[in-house]
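First residue of the sequence shown? That's 1 in full-length UniProt numbering, and the numbers climb one at a time after it.
C-beta atoms are modelled at their ideal positions from N, C-alpha and C, and glycine is treated no differently.
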Amino acid sequence: MQIDYSIALFIHILCMASWFGGLAVMVIWLRKSIRFNNEGFSMTKSMESVHNLNVRMMIPVAVLGAIAGFYMLLTGSWSAYMPLWLIIKERAISIFILLYIIALPIYGGKLSKRVQSESGDAAVSAVKGYIMLLNISVLVLLFTIFIATIKI
1 MQIDYSIALF IHILCMASWF GGLAVMVIWL RKSIRFNNEG FSMTKSMESV HNLNVRMMIP
61 VAVLGAIAGF YMLLTGSWSA YMPLWLIIKE RAISIFILLY IIALPIYGGK LSKRVQSESG
121 DAAVSAVKGY IMLLNISVLV LLFTIFIATI KI
């Protein structure tokens, strides 16, 4: 195995693990924020912090992981027919990463402003919707890890 491929593999695995863990932390953080909101504390700061974490850390990690993955795809010794797990990662997960990079920061920014302007049940339901999107992202990453691990 080439040294540059090994380094790209390390960066790719590190980024995917960081992305998965970061998303899980963001979900837990927002759930605690909802619980504290029910006790009288504001969710505004938590939502703003989670959005900043997503934009400043998770997006660059996702981009770096995708770049490392594409590099491995281009430099790997694949035959004319790639295995199914690699096709799934290449096509489906690449689309997911693009959607994550483009749509989630826009939605998170709008939601952060909405939570600042609203209060009560409307803000809580908006944050719960964002939590659902983050949970779906975690499940997609878990599915990706599963597919890459069993290499169907």
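| request: Using the Cα positions of Ser42 and Val138, report the straight-line distance between them to the nearest angstrom. | output: 26 Å
Next item on the list: Pick out whichever of Ala126, Tyr5, Ile106 and Ile34 has its Cα sitting closest to the Cα of Ile59.
Entry: Ile106
Is Trp29 helix, strand or coil when you go by DSSP? helix
Worksheet item: Which same chain residues, not among the five before or five after Met72, have their C-beta less than 8 Å away from its C-beta?
Response: Tyr5, Ala8, Leu9 and His12
Between which two residues does the alpha helix (DSSP H) holding Asn135 run? Asp121 to Ile150
Which same chain residues, not among the five before or five after Val124, have their C-beta less than 7 Å away from its C-beta?
-> Ile34 and Asn37
Cβ-Cβ distance between Val50 and Leu30 below 7 Å: yes
Use the C-beta contact count for Met26: other C-beta atoms within 10 angstroms, 16 or more gives buried, fewer gives exposed. buried
Is DSSP giving Ser77 helix, strand or coil here? coil
Buried or exposed by the 16-neighbour rule on C-beta atoms within 10 Å, applied to Ala80: exposed
>> Using C-beta distances below 7 Å, list every residue in its chain close to Val63, excluding the 5 sequence neighbours before and after it, in chain order.
In response: Ile101
Looking at Ser117: is its Cβ nearer than 7 Å to the Cβ of Glu48? no
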